[in-house]
Amino acid sequence: MLHGLDASDPDLEAPPDYGTLTRLGPAIAELGLPLAIHAEDPGILHTFRRPLETYEDVLSARPAEAESVAISAATAVARQHGIHLHVAHLSSALGLHAAEEAIAAGTWLTLETCPQYLWRTDADFARLGTAMKMNPPVRRASDQQALRDGLRREVIGIVATDHAPHAEAEKAQDLEHAPPGTPGVQTLYLSCLELAKQLGDPWLACKWVCEGPAQLIGMGESKGRIAPGYDADLVVVDPKRSTTFSPKAMRSRQRHGALEGLRVSFSIDSVYLRGARVGAKAAGRMVTPSG
Numbered sequence: 048m049l050h051g052l053d054a055s056d057p058d059l060e061a062p063p064d065y066g067t068l069t070r071l072g073p074a075i076a077e078l079g080l081p082l083a084i085h086a087e088d089p090g091i092l093h094t095f096r097r098p099l100e101t102y103e104d105v106l107s108a109r110p111a112e113a114e115s116v117a118i119s120a121a122t123a124v125a126r127q128h129g130i131h132l133h134v135a136h137l138s139s140a141l142g143l144h145a146a147e148e149a150i151a152a153g154t155w156l157t158l159e160t161c162p163q164y165l166w167r168t169d170a171d172f173a174r175l176g177t178a179m180k181m182n183p184p185v186r187r188a189s190d191q192q193a194l195r196d197g198l199r200r201e202v203i204g205i206v207a208t209d210h211a212p213h214a215e216a217e218k219a220q221d222l223e224h225a226p227p228g229t230p231g232v233q234t235l236y237l238s239c240l241e242l243a244k245q246l247g248d249p250w251l252a253c254k255w256v257c258e259g260p261a262q263l264i265g266m267g268e269s270k271g272r273i274a275p276g277y278d279a280d281l282v283v284v285d286p287k288r289s290t291t292f293s294p295k296a297m298r299s300r301q302r303h304g305a306l307e308g309l310r311v312s313f314s315i316d317s318v319y320l321r322g323a324r325v326g327a328k329a330a331g332r333m334v335t336p337s338g
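The sequence shown begins at 48 in our numbering and counts up one residue at a time.
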C-alpha cells in the first residue's frame with residue numbers, strides 16, 4: 048500500500064492530475080462547490096517509494112514535500128479559475144506553510160486536519176503499531192505543533208476524520224501490508240474538546256467539528272450552531288467525567304485506533320437529532336445544501 052495509484056481494487060481510481068484539474072477548472076468554478084483534495088504529489092510518492100519495514104520508512108516514502116507541492120500546484124490552478132479548494136487531512140508544517148502562501152496570494156482555500164495529527168507523533172508508533180498507519184502519515188512533533196498553532200490562529204478551520212474501518216485482521220498485518228486508515232468518528236468530538244480546553248476555550252471545538260463543516264458544505268443556515276431556526280442537533284457533554292479511549296468501547300469494525308489510550312476530561316452524556324434524543328435505533332433524513 049505504498050500509493051493508491053497502484054491499488055488493484057476495481058472500486059478505486061487514480062485521482063486527476065494537474066492537467067486534468069486545469070482542463071476542468073472552468074466547469075468546477077461554474078458549479079460553485081468546494082473541491083476537496085487529498086494533497087500528496089504522485090510524482091514525489093513514486094520517487095520515494097520503498098519497502099516499509101520501519102516507521103522511518105513510512106515517513107521517507109511519503110515526505111511532507113509531497114503535501115506541500117500538491118497544495119502549491121492545486122492552489123495555483125484553483126486561483127486561476129476562482130475555485131474554492133479544500134485540503135483534507137492536512138498533516139505537515141510544510142503543507143500548512145504552502146497553504147498560507149496560497150491564501151496570501153488570493154486563493155479561496157479552506158483547510159482541515161485530523162485528531163491523529165494533533166495528538167500523535169512518530170514517537171507513538173512503537174506503542175500503537177499499525178493502528179497508526181495512515182495516509183498522509185502522522186509526522187514529527189514539530190508538525191503537530193504547527194498544526195495546533197494553525198488551529199489557534201484559525202488558519203485551519205475544521206477538524207475532521209479520515210475514517211477507515213478495516214477488519215482487525217487486516218490492520219494486524221505487517222507494516223508493509225496493513226492498509227492505511229484509523230477509526231475516528233466516535234472519538235472526534237471529545238478529542239477536540241480536550242485540545243480546545245488546552246488552548247484555553249473548549250467552545251473552539253464546536254467551530255472545528257460543527258460550524259466549520261456546516262459552512263463548508265453549504266448548510267451553515269441550518270446546521271452547526273445552537274441558534275433560533277437551526278436544527279436542534281445537540282451533544283450533551285459531562286465536563287466532570289473523564290473518558291479514556293479503549294478498544295472495548297469502540298463501535299467501529301476496527302477497534303484499535305490512533306487515539307487509543309488517550310484520556311480526555313469529558314464524556315458524552317446524550318445526543319439529540321432535531322430535538323429528539325437518539326437511541327439505539329438509527330434515524331435521520333437526507334439533507335441538502337442551501338442554495
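C-beta atoms are modelled at their ideal positions from N, C-alpha and C, and glycine is treated no differently.
(1) Helix, strand or coil for Val311? Go by DSSP, reduced to three states.
(2) Under three-state DSSP, which class holds Thr94?
(3) Within its chain, find whatever has a CB closer than 6 Å to the CB of Ala211; leave out the 5 residues flanking it on each side and keep chain order.
(4) When you compare only the Cα positions, how much space is there between His133 and Glu147?
(5) Between Ser312 and Lys244, is the Cβ-Cβ spacing less than 8 Å?
(6) Check His210 in the structure and name its three-state DSSP category.
(7) For Glu159, which of helix, strand or coil comes out of DSSP?
(8) For a test of the three-state rule: what should DSSP assign to Gly51, helix, strand or coil?
(9) Any idea which residues DSSP pairs Pro284 with across the strands?
(10) I'd like the list of long-range same chain contacts for Arg324, defined as Cβ closer than 8 Å, with 5 residues on each side in sequence excluded.
(11) What are the complete beta strand (DSSP E) segments, minimum 3 residues, inside the region 105-161?
(12) Under a Cβ-count criterion, where at least 16 other Cβ atoms within 10 Å of its own Cβ denotes burial, should Trp22 be classed as buried or exposed?
(13) For Ala152, which residues in the same chain have their Cβ closer than 7 Å to its Cβ, ignoring the five residues on either side in sequence?
(14) What ranges does the alpha helix (DSSP H) occupy inside the region 233-286, keeping only unbroken runs of at least 4 residues that lie completely in it?
(15) Can you tell me which of the three DSSP states Arg324 falls into?
(16) Note down the Cα distance separating Thr122 from Ile75, rounded to an integer number of angstroms.
(17) Whether or not the region 159-167 and the region 104-113 are in contact is what I'm after, with contact meaning three or more pairs of Cβ atoms, one per stretch, closer than 8 Å; do they touch?
(18) If you run the structure through DSSP and keep just helix, strand and coil, what is Ala83?
(19) Alpha carbon to alpha carbon, what distance is there between Ala252 and His50?
(20) Could you compute how far the alpha carbon of Ala149 sits from the alpha carbon of Gly326?
(21) My output table needs one value for Thr335: the three-state DSSP class, helix, strand or coil.
(22) Measuring only the C-alpha atoms, how far is Asp209 from Arg186?
(23) Quick check on Lys287: buried or exposed, where buried means 16 or more other Cβ atoms within 10 Å of its Cβ?
(24) List the DSSP bridge partners of Ile205.
(25) When the distance is taken between beta carbons, is Glu112 closer than 8 Å to Ile91?
(26) So if DSSP puts Thr291 in a beta bridge, which residue, or which two residues, is it bridged to?
The short version:
(1) Residue mapping note: residue 311 aligns to position 264 of the sequence shown, counting from 1. Note: Val311 maps to strand in three-state DSSP.
(2) Residue mapping note: residue 94 aligns to position 47 of the sequence shown, counting from 1. Note: Thr94 maps to helix in three-state DSSP.
(3) Within the sequence shown, numbered from 1, the residue matching residue 211 stands at position 164. Taken in chain order, the residues that qualify are Gly228.
(4) To locate residue 133, count along the sequence shown from 1; it is residue 86. To locate residue 147, count along the sequence shown from 1; it is residue 100. Distance between the alpha carbons of His133 and Glu147: 13 Å.
(5) One-based indexing of the sequence shown puts residue 312 at position 265. One-based indexing of the sequence shown puts residue 244 at position 197. Their beta carbons are under 8 Å apart, which means Ser312 touches Lys244 by this criterion.
(6) The residue labelled residue 210 in the question sits at position 163 within the sequence shown. If DSSP states are grouped into helix, strand and coil, His210 belongs with the strands.
(7) Residue 159 sits at position 112 when you count from the first residue of the sequence shown. Residue state, collapsed to three classes: strand.
(8) Start at 1 with the first residue of the sequence shown, and residue 51 comes out as number 4. Annotation note: pLDDT 48 at Gly51 (below 50); position unreliable, no value reported.
(9) As a working note, residue 284 is residue 237 in the sequence shown. The question names Pro, but residue 284 is Val in the sequence shown. DSSP lists Ile315 as partners of Val284.
(10) Position 277 of the sequence shown holds residue 324. Ser317, Val318, listed in sequence order.
(11) Taking only runs of at least 3 residues, the beta strand (DSSP E) segments lying wholly in the region 105-161 are 132-137, 156-160.
(12) Because the chain here runs from 48 to 338, residue 22 falls outside it and cannot be looked at.
(13) Numbered from 1 along the sequence shown, position 105 holds the residue referred to as residue 152. Annotation for Ala152: Arg126 place their beta carbon closer than 7 Å to its own, counting only its chain and skipping 5 residues before and after.
(14) Segments of the alpha helix (DSSP H) lying fully in the region 233-286: 235-245, 259-263.
(15) Taking the sequence shown and counting its residues from 1, one reaches residue 324 at position 277. DSSP places Arg324 in strand when its eight states are reduced to three.
(16) Locating residue 122 in the sequence shown gives position 75, counting from the first residue. Locating residue 75 in the sequence shown gives position 28, counting from the first residue. Rounded to whole angstroms, the separation of the alpha carbons of Ile75 and Thr122 is 13 Å.
(17) Cβ pair count under 8 Å is below three, so no.
(18) As a position in the sequence shown, residue 83 is number 36, starting the count at 1. The DSSP-derived three-state label of Ala83 is strand.
(19) Your numbering for residue 50 matches position 3 in the sequence shown. Your numbering for residue 252 matches position 205 in the sequence shown. Any reading at His50 must be qualified, since the residue scores a pLDDT of 43, below 50, and its modelled position is unreliable; the value itself is stated next. Between the C-alpha atoms of His50 and Ala252 there is a straight-line separation of about 32 Å.
(20) Residue 149 sits at position 102 when you count from the first residue of the sequence shown. Residue 326 sits at position 279 when you count from the first residue of the sequence shown. Answer to the nearest angstrom: the Cα atoms are 45 Å apart.
(21) Here residue 335 refers to the residue found at position 288 when the sequence shown is read from its first residue. The three-state reading of DSSP puts Thr335 in coil, since its state is none of H, G, I, E or B.
(22) Here the question's residue 209 lines up with position 162 in the sequence shown. Here the question's residue 186 lines up with position 139 in the sequence shown. Rounded to the nearest angstrom, the two C-alpha atoms are 16 Å apart.
(23) By one-based count along the sequence shown, residue 287 stands at place 240. That one is exposed.
(24) One-based indexing of the sequence shown puts residue 205 at position 158. Ile205 pairs with Glu159.
(25) Counting from 1 along the sequence shown, the entry for residue 91 is found at position 44. Counting from 1 along the sequence shown, the entry for residue 112 is found at position 65. For Ile91 and Glu112, yes; Cβs fall inside 8 Å.
(26) On the sequence shown, position 244 is the one that residue 291 refers to. The beta-bridge partner set that DSSP reports for Thr291 consists of Arg310.
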